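A.B. asks: One rule links them: number in the working numbering = place in the sequence shown (from 1) + 2.
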Amino acid sequence: MNFIKKQKEEKENLNLHRNKLPEKTDNNNISNNNVNASNNKAPQVQSQSQSETNNKYPSGEDKTIKLVGFQKAMTKTMTQANLIPSFLFTEELDVDKLVKLRKEVNSSAKENDVKITFTPFFVKALSLSLSEFPILNSIVNPNLGNDGYIYEYTLKNDHNISIAIDTSEGLVVPNIKKVQYKSVLEIQKDLNFLVEKSKNRKLTNDDLTNGTFSCSNIGK
Numbered sequence: 003m004n005f006i007k008k009q010k011e012e013k014e015n016l017n018l019h020r021n022k023l024p025e026k027t028d029n030n031n032i033s034n035n036n037v038n039a040s041n042n043k044a045p046q047v048q049s050q051s052q053s054e055t056n057n058k059y060p061s062g063e064d065k066t067i068k069l070v071g072f073q074k075a076m077t078k079t080m081t082q083a084n085l086i087p088s089f090l091f092t093e094e095l096d097v098d099k100l101v102k103l104r105k106e107v108n109s110s111a112k113e114n115d116v117k118i119t120f121t122p123f124f125v126k127a128l129s130l131s132l133s134e135f136p137i138l139n140s141i142v143n144p145n146l147g148n149d150g151y152i153y154e155y156t157l158k159n160d161h162n163i164s165i166a167i168d169t170s171e172g173l174v175v176p177n178i179k180k181v182q183y184k185s186v187l188e189i190q191k192d193l194n195f196l197v198e199k200s201k202n203r204k205l206t207n208d209d210l211t212n213g214t215f216s217c218s219n220i221g222k
């Protein structure tokens, strides 16, 4: 009964609002007189001046905060990253076999063993690709020659793969050292260690520097 009463009240309110709408002309259009009449009834809103606003609300003080620790280190490395030429390449891959392999490995693991995510598989595959195409694991010497052009780059021997980790204070990008020598399981253990250090704000300068290639996981 309460529901029926409520529906009846809503219907009456709707009819009341309809009665307040401007009348239509013979050609089913709202006339100019109706528009003007409606505009005349509109409430007049007066805006406050800037001086009135400033007098009404107190002014606070801006704060300048110095970057320290890994925030300072991240600012430095991200600024340097802007100097690196970049390009975009996309490719879709069928990873059904990888999904099956990961499931089998984790299901056969003992209770205290490390659970493997997809990330270490991608990191290891990336390292194998860098071994085949070492120029992608190179750093350009920013110093210019006498002709004003860059004249050399360095092929990095180690595959220090940087991984972005989300923390309460923002994104940090430590790197897993010498991935080319490590198994998928070892990469997972290193990744877990870096995640734990990131959450506890215990990353060192060595964790954040000397990365040679980045691998991003968007979480899908």
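Using N, Cα and C, we set each Cβ at its ideal position, and we do this for glycine too.
A quick note: this is a predicted structure, and the numbers were derived from the prediction, not measured.
Kindly indicate the opening and closing residues of the beta strand (DSSP E) around S164.
C.D. replies: Start and end: 163 to 165.
A.B. asks: Can you grab the Cα-Cα spacing for the pair K117 / N194, in whole Å?
C.D. replies: Going from the Cα of K117 to the Cα of N194 covers about 10 Å.
A.B. asks: To the nearest angstrom, report how far apart L132 and K112 are at their CA atoms.
C.D. replies: Distance between the alpha carbons of L132 and K112 is about 33 Å.
A.B. asks: Figure out for me which residue from G150, D115, D208, L90 has the closest Cα to the Cα of E298.
C.D. replies: Residue 298 is absent from the structure shown; the chain starts at 3 and stops at 222.
A.B. asks: Could you check if T156 is buried or exposed, using at least 16 other CB atoms within 10 Å of its CB as the buried criterion?
C.D. replies: Exposed: under 16 other Cβ atoms inside 10 Å.
A.B. asks: Would you kindly check if the distance between the Cβ of V181 and the Cβ of I163 is under 8 Å?
C.D. replies: Yes; because the gap between Cβ atoms is below 8 Å, this pair is in contact.
A.B. asks: In the DSSP output, which residue or residues are listed as bridge partners for S131?
C.D. replies: Looking at the DSSP assignment, S131 forms no beta bridge with any residue, so it has no partner.
A.B. asks: Would you call the region 195 to 210 and the region 171 to 181 in contact, with 3 or more CB pairs under 8 Å?
C.D. replies: Yes, they touch.
A.B. asks: Only counting runs of 3 or more residues, tell me where the beta strand (DSSP E) segments fall wholly within the region 143 to 178, in order along the chain.
C.D. replies: Taking only runs of at least 3 residues, the beta strand (DSSP E) segments lying wholly in the region 143 to 178 are 155 to 157, 163 to 165, 167 to 169, 172 to 174.
A.B. asks: Excluding the 5 residues flanking T169 on each side, which residues of the same chain have their C-beta closer than 7 Å to its C-beta?
C.D. replies: If we look at T169 and ignore the five residues flanking it on each side, its Cβ neighbours are S200, K201.
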